[in-house]
Every structure is written in C-alpha cells, then in structure tokens.
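Enquirer: Numbering (the numbering used here), first residue to last: 10 to 204. Ideal Cβ placement from N, Cα and C applies to all residues, glycine included. Keep in mind the model is a prediction, meaning the values are calculated, not measured. Handing you a structure now.
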C-alpha cells in the first residue's frame, strides 16, 4: 500500500521539526515526490546527505515513526485536523511557507479577512478600538485573524465571536496548550466557532 502525501508530510514535519516548503522542495528535487520515497527514507537519507545533512540524519532515525504516531494520537485527542498549506491561499506569498498546518474548526475557504494585531499591554482606548473595528468587520462577513495573545489579539477575537462572525487564531504555541493561560476558554471557543 502506497503512503499518502498527508502521512508522508506529517512524518516529514516530525523528522525535520517543522521543516518548511523550501527544504522539502530541495529534497524532492533530488529524489522525487515525498510520498514516493518516504517509506524508503533511510536510502533517501543517503541520497540527500550532501545537500541536507541534518535532514538526512533525522530521516534515518528510527524514532520518527513512533513520534509521528504519537503526534497523530495527540491531534485526534485535541480534535485538530491536518491541512496542506496550499489550502490557505494567503500562505503562498511567504518565501518558505509551512508544509502543513494543524487546524481546529472551520476549513479554509475563500473568505475575506482582516488581520488585527497589537500590544499585549494595550490601553483601554486600544482595546476599545480593536473591539469596534474587529466587531464591525466581522459583522460584515470579514474573518478576523489574530494571534490569541493577551491584549489587542484577544479583544479582536472576542469581538468577532460576539457579533456571530468568524475568527481565525494563528497560535504561537502548539495546539496542546493555550498561551497565555488566561485565554484557554477563548481558544476553545474560537476552535468551536471559528478556526
């Protein structure tokens, strides 16, 4: 049975500790599509060792399969899905986009969006302005994108949810923990009603 691209990319993510599209493209240029060579990665490691020695060492490591299986179990427990980065058009402009993303909630779509970022130690006026702008945009069908940090980010996410809009949180930590802790309930709500 041939391995799927999604399974191979999840293994790649584990082996390279989050390697991006640029390093994957370099290896695929040398040995072909990842789903073709992933199961034979020890041999592949030898083939790419000259151009990517650290990646080669990680690919050849025997712990990759166990770590990948463990990650898959954790993602299922946390109700996170795996998305290819190509599903998120905004990522195409990055010079080295992630190969895959971990997502809880709504799938990517062709939605208008607005990014709201700001100070973690925001003033009362800054928090109010973030709520007003984010709430008004979300009420008009614009998805609010922010980073789930305290301050302006959290205010923008809350405002979007309060008006029944869509909000997308791009986490600075892994999916297994809320950061900061005070936003745990907000992060859960965003995962249920947004992304």
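1) What separation, rounded to the nearest whole angstrom, lies between the Cα atoms of residue 174 and residue 103?
2) CB-CB under 8 Å to residue 182, same chain, minus the five flanking residues each way: which ones, in chain order?
3) Just the C-alpha distance for residue 26 and residue 156, rounded to the nearest angstrom, thanks.
4) Could you say if the segment 106–115 and the segment 124–131 meet the contact criterion of at least three C-beta pairs nearer than 8 Å?
5) Throw me the rounded Cβ distance for the residue 23 and residue 73 pair, which I believe falls under 8 Å.
6) Going by C-alpha distance, which of 163, 121 and 147 is nearest residue 135?
7) Secondary structure at residue 12, three-state DSSP: helix, strand or coil?
8) Taking 8 Å as the limit between beta carbons, can you name the residues of its chain near residue 121, skipping five residues before and five after?
9) For residue 154, which beta-bridge partners are listed by DSSP?
10) Inspect the beta-carbon positions of residue 141 and residue 177 and report whether they are closer than 8 Å.
11) Buried or exposed, going by whether 16 or more other CB atoms sit within 10 Å of the CB of residue 90?
12) Just confirm the distance between the C-beta atoms of residue 112 and residue 204, as a whole number of angstroms; I'd bet it's less than 8 Å.
13) Return the Cβ separation of residue 158 and residue 139 in integer angstroms, given the expectation that the two are a contact with Cβ distance under 8 Å.
14) Going by CA-CA distance only, name the one from 30, 13, 147 and 115 that's closest to residue 200.
15) Can you tell me whether DSSP reads residue 75 as helix, strand or coil?
Expert: On the basis of the coordinates in this document:
1) 27 Å
2) 188
3) 21 Å
4) no
5) 6 Å
6) 163
7) coil
8) 150, 151 and 152
9) 124 and 177
10) no
11) exposed
12) 6 Å
13) At roughly 12 Å, the Cβ-Cβ gap does not stay under 8 Å, so residue 158 and residue 139 are not in contact.
14) 115
15) helix
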